[in-house]
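To keep things clear, I will list the structure first and then write my remarks on it.
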Amino acid sequence: MEIMRFSLGNLKSNCYIVSEAKKTFIVDPGYESEDVVKYIKKYNLDVEAIYITHGHFDHVGGVKQLKDLYGCAVYAPIKDKIWMSKTTYNQFGYEIPVDHWVKDLDKIDLLGHTFTVYDTPGHSEGSTVLHYDSILFSGDTLFFQSIGRTDIPLSDSMAIYKSIKRIYSLFNEDVIVYPGHGRATDIGHEKKFNPFVKA
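Under the working numbering, the letters of the sequence shown match residues 904 to 1102, in that order.
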């Protein structure tokens, strides 16, 4: 499984293209991006799905463009529906198209593998992480030696602390964390060195 990262927009939000055997799914396309489209075309990839870790504008802004282009299914957390269905929240003036609303412990078949959704509220009420094997897409919950902001509407500092503790308890130390901003890390490193939440 190959994971390609694109850093998009003014907020440098990470969008991931996850590919295997010419099939792919996309995580958090936060902004419309010709680079993402060109990459998909260059490698002749078949886009199966889009997964949204949480509903903030810098993680969903490219969803409509990609869904219109590829007709792929869109998965998003039900507890963040307000961010995608209320135009006053998402800043786009239209609803973000979602086919499947997901919740804690839901299973999703992507590229022939079973990924699991885990609710990790805090940065937003509906924040999630997506896990398979040694791969964890953490959205804006857990970063390299940092955590998601909790000074924005519908965020909760105690909730994100509990969510990260849950992540530490669920996943092995060698699990690689692909965050919503910044460089990748791993669970073992964060348990030892994250100054906000240690194991």
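Quick reminder that beta carbons are idealized off the backbone N, C-alpha and C, glycines included.
Since this is a predicted model, take the numbers as computed values, not measurements.
Give me, in chain order, the residues of the same chain whose beta-carbon lies closer than 8 Å to that of residue i; leave out the 5 immediate sequence neighbours on both sides.
{"i": "S1060", "result": "G1025, T1053"}
{"i": "K1006", "result": "P980, I981, K982, V1020, D1022"}
Please go through the same chain and pick out, in chain order, the residues whose beta-carbon is closer than 6 Å to the beta-carbon of residue i, but skip the five residues on each side of it.
{"i": "N1097", "result": "Q1048"}
{"i": "E905", "result": "S922"}
{"i": "E1076", "result": "I1090, G1091"}
Residue i to residue j, Cα distance in whole Å?
{"i": "P980", "j": "K989", "result": "15 Å"}
{"i": "K984", "j": "G1029", "result": "8 Å"}
{"i": "A1102", "j": "G965", "result": "35 Å"}
{"i": "I1050", "j": "K1010", "result": "25 Å"}
{"i": "V1078", "j": "P1056", "result": "30 Å"}
{"i": "C975", "j": "G958", "result": "18 Å"}
{"i": "Y946", "j": "H1084", "result": "25 Å"}
{"i": "V1080", "j": "S910", "result": "16 Å"}
{"i": "Y1035", "j": "F995", "result": "32 Å"}
{"i": "A952", "j": "S1072", "result": "29 Å"}
{"i": "I1001", "j": "R1086", "result": "The sequence as given places Val at residue 1001; Ile does not occur at that position. Spanning the two alpha carbons is a distance of roughly 28 Å."}
{"i": "N913", "j": "A924", "result": "32 Å"}
When you compare the CB positions of residue i and residue j, do they come within less than 7 Å of one another, or not?
{"i": "K926", "j": "L1008", "result": "no"}
{"i": "D961", "j": "S916", "result": "yes"}
{"i": "T1017", "j": "T956", "result": "no"}
{"i": "V940", "j": "I999", "result": "no"}
Assuming residue i contacts residue j under a Cβ cut-off of 8 Å, what Cβ separation, rounded to an integer in Å, is found between them?
{"i": "M907", "j": "Y942", "result": "7 Å"}
{"i": "L1045", "j": "I1070", "result": "6 Å"}
{"i": "P1082", "j": "S1041", "result": "5 Å"}
{"i": "V950", "j": "Y973", "result": "4 Å"}
So, at 7 Å on beta carbons, what are the nonlocal neighbours of residue i in its own chain, with the 5 sequence-adjacent residues on each side left out?
{"i": "V1100", "result": "I1050, Y1064, I1067, K1068"}
Are the region 926-937 and the region 961-971 touching, with three or more C-beta to C-beta distances below 8 Å?
Touching, per the Cβ criterion.
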